[in-house]
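J.:
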Amino acid sequence: MPASKPERGPVWLVLPTYEEATNIERLVEHARAKLPAGAQVLIVDDNSHDGTGAIAARLSEENESVHFLHRPHKEGLGPAYIAGFRRALAGGAGLVVEMDSDFSHEPAYLPRLLEAAKRADVVIGSRYVPGGGVTDWGPLRRAISRGGSAYAQFVLGLGVRDLTGGFKCFRREVLEAIDLDAVRARGYAFQVEMTYRAIELGFDVVEVPIVFRDRQAGTSKMSRSIVLEAIWRVPLLRYGR
Numbered sequence: 058m059p060a061s062k063p064e065r066g067p068v069w070l071v072l073p074t075y076e077e078a079t080n081i082e083r084l085v086e087h088a089r090a091k092l093p094a095g096a097q098v099l100i101v102d103d104n105s106h107d108g109t110g111a112i113a114a115r116l117s118e119e120n121e122s123v124h125f126l127h128r129p130h131k132e133g134l135g136p137a138y139i140a141g142f143r144r145a146l147a148g149g150a151g152l153v154v155e156m157d158s159d160f161s162h163e164p165a166y167l168p169r170l171l172e173a174a175k176r177a178d179v180v181i182g183s184r185y186v187p188g189g190g191v192t193d194w195g196p197l198r199r200a201i202s203r204g205g206s207a208y209a210q211f212v213l214g215l216g217v218r219d220l221t222g223g224f225k226c227f228r229r230e231v232l233e234a235i236d237l238d239a240v241r242a243r244g245y246a247f248q249v250e251m252t253y254r255a256i257e258l259g260f261d262v263v264e265v266p267i268v269f270r271d272r273q274a275g276t277s278k279m280s281r282s283i284v285l286e287a288i289w290r291v292p293l294l295r296y297g298r
């Protein structure tokens, strides 16, 4: 069994939001209940028009362990996470967790990811390892998700099963080593790019099983452009540099 890795700071949970007013307050409450003492929560909002930013600002005023980063424009998942990672690192984070803000990622799995991070550099909450799965999706969405991961796995020559998964924990050293300025993906290809860059740099990645469920409130951010970006950007990661 690998030796336990030393902690270099508190856990920071980064939550990107766009039009998540129906979910964000409950999610923060549930997540904080599963995080260890001293953990910090950072909400990164891309100028939502449904009041998400106002809710996030209020939560940050009510609790010193909740932070709010307002971004003036909607630029995509990747840039929002990069901005969040930079803020978390500046705040002294030792572990940085990313997860969706719509309850697709169950906060109850947070302790599982953090436990695995004691002996791994990157932990992925995986739908496609034994014990993992997906609920509430139709056949088309399942095919797109599984096909996307399989495509990226084949093109990049990696053994990671859930390359498009967005429930992850990074050790500080990983985010410090990755050239965040060079990360270009904006949609779900961002998840593939971050994992690929971590493996290229020699960090170890493990997958722990989670069951992903479709959002119960709000609307999905998946679009044709996000799928197309993943198709053409994945080969560039391996062959374009």
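Numbering (our numbering), first residue to last: 58 to 298. Backbone N, C-alpha and C define an ideal beta-carbon position, used for all residues, glycine too. What you are looking at is a predicted structure, and each value in this text was computed from that prediction instead of being measured.
1) Given that a residue counts as buried once 16 or more other Cβ atoms are within 10 Å of its Cβ, and exposed if not, what is Asp236?
2) Between the Cα of Phe269 and those of Ala239, Arg184, Ile288, spot the shortest distance and give me the residue it belongs to.
3) Using CA atoms only, rank isn't needed, just tell me which of Val240, Leu215, Phe125, Ala209 is closest to Pro73.
4) Of all the options Leu215, Val180, Gly190, which has the alpha carbon lying nearest to the alpha carbon of Arg203?
5) Taking 6 Å as the limit between beta carbons, can you name the residues of its chain near Asp193, skipping five residues before and five after?
6) Would you call Glu76 buried or exposed, if buried means 16 or more other Cβ atoms sit within 10 Å of its Cβ?
7) Which one or two residues does DSSP pair with Arg228 in a beta bridge?
8) What does DSSP give as the partner residues of Pro266 in its beta bridges?
9) Helix, strand or coil: how does DSSP classify Phe260 here?
10) Helix, strand or coil for Ile235 per DSSP?
11) What does Phe247 pair with, by DSSP beta-bridge criteria?
12) Classify Glu155: buried if its beta carbon has 16 or more other beta carbons within 10 angstroms, exposed otherwise.
13) What does the Cβ neighbour count give for Ala111, buried or exposed, with the cut at 16 atoms within 10 Å?
14) Quick check on this structure: which residue in His130, Glu250, Glu233 has the alpha carbon closest to the alpha carbon of Thr221?
15) Looking at the unbroken alpha helix (DSSP H) that takes in Phe211, where does it start and where does it end?
16) I believe Lys116 touches Glu82 by the beta-carbon criterion, under 8 Å. Please report the beta-carbon distance rounded to the nearest angstrom.
17) State the beta-bridge partners of Leu84 as determined by DSSP.
T.: In short:
1) Here residue 236 is taken as the residue at index 179 of the sequence shown, counted from 1. Label assigned to Asp236: exposed.
2) The count along the sequence shown starts at 1 and reaches residue 269 at position 212. Out of Ala239, Arg184, Ile288, Arg184 has the C-alpha closest to the C-alpha of Phe269.
3) Locating residue 73 in the sequence shown gives position 16, counting from the first residue. Among Val240, Leu215, Phe125, Ala209, the Cα nearest to that of Pro73 is on Phe125.
4) Stepping through the sequence shown from its first residue, residue 203 is reached at position 146. Among Leu215, Val180, Gly190, the Cα nearest to that of Arg203 belongs to Gly190.
5) On the sequence shown, position 136 is the one that residue 193 refers to. Contacts found: Arg270, Asp271.
6) Translated into the one-based positions of the sequence shown, residue 76 becomes position 19. Buried is the call here.
7) Residue 228 sits at position 171 when you count from the first residue of the sequence shown. The partner list for Arg228 (beta bridge, DSSP) reads Leu152.
8) As a working mapping, residue 266 is identified with position 209 in the sequence shown. The partner list for Pro266 (beta bridge, DSSP) reads Ser183.
9) Position 203 of the sequence shown, counting from 1, holds the residue named residue 260. In the structure shown, Phe260 sits in coil (DSSP, three-state: anything other than H, G, I, E or B).
10) Within the sequence shown, numbered from 1, the residue matching residue 235 stands at position 178. Ile235 falls in the coil class under three-state DSSP.
11) Here residue 247 refers to the residue found at position 190 of the sequence shown. In DSSP, Phe247 forms no bridge with anything.
12) Position 98 of the sequence shown, counting from 1, holds the residue named residue 155. Buried.
13) Working through the sequence shown from its first residue, we reach residue 111 at position 54. Exposed is the call here.
14) What you label residue 221 is simply residue 164 of the sequence shown in a count that begins at 1. The shortest Cα separation from Thr221 among His130, Glu250, Glu233 belongs to Glu250.
15) For this step, residue 211 is matched to residue 154 along the sequence shown. Looking at the DSSP string, the run of the alpha helix (DSSP H) that includes Phe211 is 196 to 213.
16) On the sequence shown, position 59 is the one that residue 116 refers to. On the sequence shown, position 25 is the one that residue 82 refers to. Strictly speaking, residue 116 in this sequence is Leu, with Lys absent from that position. Their Cβ separation, rounded to whole angstroms, is 7 Å, which keeps Leu116 and Glu82 in contact under 8 Å.
17) Translated into the one-based positions of the sequence shown, residue 84 becomes position 27. In DSSP, Leu84 forms no bridge with anything.
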